[in-house]
Amino acid sequence: FPGLPLAIANPQQTFYLLEANKKKANFLLQATEDLQLKNTVVLNERAEILAHQEPHRSRYHLVTARAVAAAAVLLELAVPFCQTEGWFLAYKGRNYQEEVNGASKALEILGVDLSQEFHYELPHALGSRAVLFFRKNRETPVRYPRRPGIPGKRPL
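So the sequence shown is numbered by the working numbering: it starts at -13 and just counts up by one.
See the structure below:
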């Protein structure tokens, strides 16, 4: 849940934590309460639904996500929340380059470029990881994200 440490580190910013799974959303609610984080809002909804709602579409300067899907799927789910000229940060494992190469169509359709890569090593020989910085350069076509389940079944 990358939103929790970001909210702790940036108490002056408001963070919207989106989670489709009710149990995980309840965990986030409990964690934000236990940590006394007044700068978080937990939303229990699917990205495919919420991204089409006016208060959230193209609203956020920075969007991040757990590593829950391949790059093409994450891009379709996350980028519609970004403002034009905003950023999507994706956390990926060491084989991310294959995913990025496979997401070239998604990058083009969604109006996003891979702008920067930050590589790091986990302690205790747990392997390497990367944070990928995607820059949104134009408005996402209104049909994206597609309805629930479709991005995962038929990635762009």
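Ideal Cβ placement from N, Cα and C applies to all residues, glycine included.
Candidates the options, of which the one nearest residue i by Cα
i, options, result
"residue 33", "119, 52, 82", "52"
"residue 10", "-5, 29, 57", "29"
"residue 72", "125, 23, 40", "125"
"residue -5", "19, 4, 8, 23", "23"
"residue 80", "69, -13, 112", "112"
"residue 78", "123, 106, 21, 42", "106"
"residue 102", "83, 46, 138, 94", "83"
"residue 40", "139, 128, 138, 137", "128"
"residue 56", "86, 6, 104, 131", "86"
"residue 120", "104, 137, 130, 109", "104"
"residue 54", "136, 130, -13, 131", "-13"
"residue 60", "-2, -7, -8, 118", "118"
"residue 38", "21, 62, 20, -7", "62"
"residue 135", "66, 6, 76, 100", "6"
"residue 95", "66, 2, 19, 76", "66"
"residue 100", "110, 76, 42", "76"
Close beta carbons around residue i, own chain, < 8 Å, minus the five adjacent residues each side
i, result
"residue 0", "25, 26, 27"
"residue 15", "28"
"residue 69", "44, 45, 46, 47, 122"
"residue 138", "55, 59"
Contacts around residue i, its chain only, beta-carbon distance under 6 Å, and the 5 residues preceding and following it disregarded
i, result
"residue 64", "49, 51, 74"
"residue 145", "Lying before the first or after the last residue shown, residue 145 is absent from the chain, which here runs from -13 to 142."
"residue 114", "80, 107"
"residue 116", "78, 82, 103, 105"
"residue -7", "1, 23, 25, 26"
Beta-carbon contacts of residue i that lie in its chain and below 7 Å, excluding the five residues immediately before and after
i, result
"residue 58", "88, 89, 92, 141, 142"
"residue 133", "34"
"residue 17", "-10"
"residue 4", "29, 31, 33, 36"
"residue -3", "25"
The alpha helix (DSSP H) enclosing residue i, as first and last residue numbers
i, result
"residue 49", "Taken as a continuous stretch (DSSP letters only), residue 49 belongs to no alpha helix (DSSP H), being part of the beta strand (DSSP E) at 46 to 51."
"residue 21", "Unbroken run through residue 21: none, as it is neither H nor E."
"residue 28", "Here residue 28 belongs to no alpha helix (DSSP H); instead the beta strand (DSSP E) covers 26 to 29."
- Message: Just to confirm the assignment: which complete beta strand (DSSP E) runs, minimum length 3, are found wholly within the stretch 74 to 142?
- Response: 98 to 107, 114 to 122
- Item | Length-filtered (3 minimum) beta strand (DSSP E) runs lying within the stretch -12 to 19 | 1 to 4
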